[in-house]
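Colleague: Take this structure, written in structure tokens, and hold onto it; I'll ask about it next.
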């Protein structure tokens, strides 16, 4: 053969990387187009609601004394008829003052319900806590917020307005912003990252394929669907991603509740950025690493669960989405590592790459592409498209993104180790609050 | 302040990444600066076959075997302190009866740098620096025995002049000895930073000893590995395909790689009609057959003739009648001939990887041109334009004034009349074993009896020579729009002359390979353009959104 082994590695890396980058170009354009669509007349959607349905808001809390008070108040102050919603906080085995604070708050808010779960029943993680809350829920719709969230006043109205109008929607997902973004460089990076994720991946996928993923907070979902699915999967580390896939699958299989038109089309999860919540992001790298490791391991779990069932997945677009996840974690990551190795061996002069082409130009273009796509995403939020953020994005490529590589490798290692040792326990992976 | 610091980090990161690609070229061992002073440009050294060469050229090219950077200066142009800045001083002195340049003598007598004194005038230095533990005992032509590394060579009548040096203490290290059967003197002697070469030999056994001892002088200890490049010489449109294929079969069965020295065109001396291998499909087929069996094509000129001589007989880059350079502009002439030769090869799916000047004859201007087009030149070195003569070097040299890479030939060939036979070749090879990492060549004409080839191959193998494969080494040829490169045993070609015709495996694969490489390049270029266009679209979107946000902001203020 005329190609050296390094040529093959290089081609593999080049093709994998550029398939992903090209896909993201389309996502970024679509994300921008969705933004234009949503923000032309934001009020119109609200006027479509004629009757407000009853909604149960679930907030799982495990040692949240620092934030729970503010969260409850923010939820209670949302612009939604007081008699049309209840807030259930599941106080799961808190050993701090969470219970006391909630008791205090109950004096002010009649529609605040507190479920206190104690060992041995409790302490089994977020999914278990949500399922516990679901049992007591009276609402036709269930909304979920994390205990550190401060939703904007209109958030719930937007979520409800969106879901009631379209029976095909199983769930509507709002946008989350970073409350403590100005704290330090890490929170600034996270702020940019969350905007990039939501405007490119979530908005882009919604616009292109009507797919998005439940991110764990600030979403509304039909209770009927949750009931039929048996609630959240208590075994999954990231119960939200897992739930998303099951929702898409279920809608396809059986749906008798609605008209025949919907039957066979399946349910959708809509990303709807007008519903906004502000959440607290990690302020130290250690906390960041812990939280993200959990996410990545959750994704590895999902990939592991569904990858070999890809062909049996009814909705091909979902199979494609899982494949995309797989590509990010396996193809893209391995390609990045390979291309780093090739780059180093080129520098050391020990490479025997025979392929030629404008590869350096492509590398520079990939970098510019990253910067401009993220800049577009960030710029969709008023005031975020400033020079400081653009410079941060330029820096992110070499710092924050590289930390992700490390993080992902570490998560793979941990998942592999656990699998070897047969550990499967799910418990609270709680993110430390500030 | 904080912002400035982080901006700085960002800029540094970018610079490192952007310059990273150039780092590779900065690596490699540093070169030793060397000053070569020689006594007289008009004095050409006479080698064993009576040919005349400019020894300073042989010598400075030879130093390309080591990590050196050579400056040459004439003795009478030497000025006080000129040796400053050099790591080694070489003084080449082949002329008797004169006095050494005073400034040079003084500098050499006082310096602590390594000095290599080659030949005449040693007694003057020993006078100028009486600390040196050597005594000059005169000159003699009768010291015909040379001993080196426990081997003795008898030079007989051709002993040559030897300067007799007597070591005065144990501090003198002796490399090689000369003897007249009674008395023994050092061939080379080293005392502290001084090295002396006492034999006035520029090509024979004594010179080979000197060539080997250079490894000690420079402290570069190369491997004990002697290579020979076997060439099938003067393959041309009039060669017999049958002979060529027989040779290929034999060498293939012995797993011996070889070089096909190809003359791609032929001009009939009587009719003046030009014929190229293109007109001889059976020859092309035979050459491809050879390539598939371990042969590597080397271009041997275009027609191997300039005047109306027989192809393979005539000189192409030298006026053999007047014994002077051709009356042409070498800058154009060499390029034209090489381009024509390369293109005929390419048209026929053959990929030359090096050049061998016909008869090794090349004007000095011609070398300069060849260096532009070929990574590798094989054969012998012509040192001067004053008359034709060529010399081999004992080993491979790189990055010298004349060559990127030069692979010398010194063993010879079997002549048609048998005047220079296998015995001579093996005799030369035996002498060359003196040099620890000798590189040489041997060649064979396809019309000769195969038996000679078998004898040569077996003889060299039994002496421990390794048959080197030029095609497995990195070479390149670049001329006009054509770029041929060999890397890891693969031959890559870039350029307009991709062979499309159905051919046999080996050659065809190379073409596919190149086609694949080209399509990767084209796709990558398309990708770059596509991405560039999309980046522009993104930038437009960015400013569009910015502008609108500003408008909304004003509206909000007005409200």
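Protein chains in written order, with this note's numbering: chain A, 762 to 1195; chain B, 20 to 578.
Here a beta-carbon is modelled for each residue, glycine too, at the ideal position from N, C-alpha and C.
(1) If you measure beta-carbon to beta-carbon, which residues of the segment 539 to 552 of chain B are closer than 7 Å to chain A?
(2) Kindly say whether residue 1086(A), judged by its beta-carbon, lies nearer than 8 Å to any beta-carbon of chain B.
(3) Measure the C-alpha to C-alpha separation of residue 970(A) and residue 1143(A) and round it to an integer number of angstroms.
(4) Between which two residues does the alpha helix (DSSP H) harbouring residue 732(A) extend?
(5) Just confirm the distance between the C-beta atoms of residue 580(B) and residue 377(B), as a whole number of angstroms; I'd bet it's less than 8 Å.
(6) Does the pairing of the segment 913 to 930 of chain A with the segment 856 to 871 of chain A give three or more beta-carbon distances under 8 Å?
(7) If you reduce the DSSP assignment to three classes, tell me which class residue 964(A) lands in.
(8) Leaving out five residues on either side along the sequence, give the residues of the same chain with a beta carbon under 8 Å from the beta carbon of residue 1007(A).
(9) The alpha helix (DSSP H) with residue 1124(A) in it runs from where to where?
(10) Would you mind reading off the limits of the beta strand (DSSP E) that contains residue 828(A)?
(11) For a cutoff of 8 Å on Cβ pairs, would you count residue 564(B) as touching chain A?
(12) Please confirm whether residue 362(B) has its beta-carbon closer than 8 Å to some beta-carbon of chain A.
(13) Whose C-beta lies closer than 6 Å to the C-beta of residue 986(A) among residues of the same chain, with five residues either side of it excluded?
(14) For residue 1122(A), go through chain B and note every residue whose CB falls closer than 7 Å to its CB, in chain order.
(15) Going by the beta-carbon positions, is the gap between residue 281(B) and residue 306(B) smaller than 8 Å?
(16) Buried or exposed: where does residue 244(B) fall if 16 or more other Cβ atoms within 10 Å of its Cβ makes it buried?
(17) Under 9 Å between beta-carbons, which chain B residues line up against residue 1140(A)? List them in chain order, please.
(18) Closer than 9 Å, Cβ to any Cβ of chain A: which residues of the segment 487 to 507 of chain B, in chain order?
(19) With three or more beta-carbon pairs closer than 8 Å as the criterion, would you say the segment 1129 to 1136 of chain A touches the segment 781 to 801 of chain A?
(20) Counting Cβ pairs closer than 8 Å, one from the segment 51 to 59 of chain B and one from the segment 195 to 203 of chain B, do we hit at least three?
(21) Quick check on residue 315(B): does DSSP put it in helix, strand or coil?
(22) Could you have a look at residue 880(A) and say whether DSSP puts it in helix, strand or coil?
(23) Taking the beta strand (DSSP E) that residue 924(A) belongs to, which residues open and close that run?
(24) Taking the beta carbon of residue 136(B) as the centre, do at least 16 other beta carbons fall within 10 Å, making it buried, or is it exposed?
(25) Using a Cβ-Cβ cut-off of 8 Å, state whether residue 86(B) counts as contacting chain A.
(26) For residue 792(A), return the contacting residues in chain B, with the cut-off set at a CB-CB distance below 7 Å.
(27) Answer yes or no: do residue 769(A) and residue 1114(A) have a C-beta to C-beta separation smaller than 8 Å?
(28) If we define contact as Cβ-Cβ less than 8 Å, is residue 967(A) a contact residue for chain B?
(29) Looking only at its chain, what residues have a beta carbon closer than 6 Å to the beta carbon of residue 988(A), apart from the 5 residues adjacent to it on each side?
(30) Among residues of its own chain, excluding the 5 on either side of residue 371(B), which ones have a beta-carbon nearer than 8 Å to its beta-carbon?
(31) Short check: CB of residue 1094(A) to CB of residue 1166(A), under 8 Å?
(32) Any chance the segment 885 to 900 of chain A sits against the segment 908 to 917 of chain A, with 3 or more Cβ pairs inside 8 Å?
(33) So, is the C-beta of residue 774(A) closer than 8 Å to a C-beta in chain B?
(34) List the residues of chain B whose Cβ lies closer than 9 Å to the Cβ of residue 738(A), in chain order.
(35) Taking the straight line between their C-alpha atoms, what separation do you get for residue 50(B) and residue 1108(A)?
(36) If I follow the unbroken alpha helix (DSSP H) through residue 1086(A), where does it start and stop?
Modeller: In brief:
(1) Those residues of the segment 539 to 552 of chain B that come within reach of chain A (Cβ to Cβ, closer than 7 Å) are 539, 540, 543, 544, 546, 547, 550 and 551.
(2) Not an interface residue.
(3) Between residue 970(A) and residue 1143(A), the alpha-carbon positions lie close to 27 Å from each other.
(4) Coverage of chain A is limited to positions 762 through 1195, which leaves residue 732(A) absent and any answer about it impossible.
(5) With chain B covering only 20 through 578, there is no way to say anything about residue 580(B).
(6) The answer is no - the segment 856 to 871 of chain A does not touch the segment 913 to 930 of chain A, with fewer than three Cβ pairs under 8 Å.
(7) Residue state, collapsed to three classes: helix.
(8) Within the same chain, residue 1007(A) has close Cβ partners 990 and 994.
(9) Under the DSSP assignment, residue 1124(A) falls in the alpha helix (DSSP H) whose first and last residues are 1120 to 1140.
(10) Premise fails: residue 828(A) is in no beta strand (DSSP E) and is neither H nor E.
(11) Output row for residue 564(B): interface = yes.
(12) Against chain A, the CB of residue 362(B) has no partner CB under 8 Å away; the residue lies outside that interface.
(13) The beta carbon of residue 986(A) lies closer than 6 Å to those of 931 in the same chain, with the five residues before and after it left out.
(14) The contacting residues are 547.
(15) In contact: residue 281(B) and residue 306(B) (Cβ atoms closer than 8 Å).
(16) When all chains shown are included, residue 244(B) counts as exposed.
(17) In chain order: 560, 561, 564, 565 and 568.
(18) Residues of the segment 487 to 507 of chain B that bring their beta carbon within less than 9 Å of a beta carbon in chain A comprise 504, 506 and 507, in sequence order.
(19) These segments touch.
(20) The segment 51 to 59 of chain B, when compared against the segment 195 to 203 of chain B, does not touch it at the 8 Å Cβ threshold.
(21) Residue state for residue 315(B) is assigned as strand, using DSSP reduced to three classes.
(22) Coil.
(23) Looking at the DSSP string, residue 924(A) is not in any beta strand (DSSP E); the run it does join, the alpha helix (DSSP H), is 916 to 926.
(24) Here residue 136(B) is buried, its C-beta having at least 16 other C-beta atoms within 10 Å.
(25) Judged by the 8 Å Cβ criterion, residue 86(B) is not in contact with chain A.
(26) Near residue 792(A) there are no residues of chain B at all, since even the closest Cβ is about 11 Å away, more than 7 Å.
(27) Cβ distance not < 8 Å, so residue 769(A) and residue 1114(A) don't count as in contact.
(28) Among the residues facing chain B, residue 967(A) is not included, as its CB has no counterpart in that chain under 8 Å away.
(29) Correct list: empty, nothing qualifies.
(30) Taking C-beta separations shorter than 8 Å and ignoring five residues to either side along the sequence, the partners of residue 371(B) in its chain run 281, 316, 317, 318, 360, 361, 364, 496 and 503, following chain order.
(31) In this structure, the beta-carbon distance from residue 1094(A) to residue 1166(A) falls below 8 Å.
(32) No contact exists between the segment 885 to 900 of chain A and the segment 908 to 917 of chain A.
(33) So no, residue 774(A) is outside the interface.
(34) It is not possible to answer for residue 738(A), since the shown part of chain A is limited to 762 through 1195.
(35) Near 21 Å, if we compare the C-alpha coordinates of residue 1108(A) and residue 50(B).
(36) It spans 1077 to 1087 - the alpha helix (DSSP H) in which residue 1086(A) sits, taken as one unbroken run.
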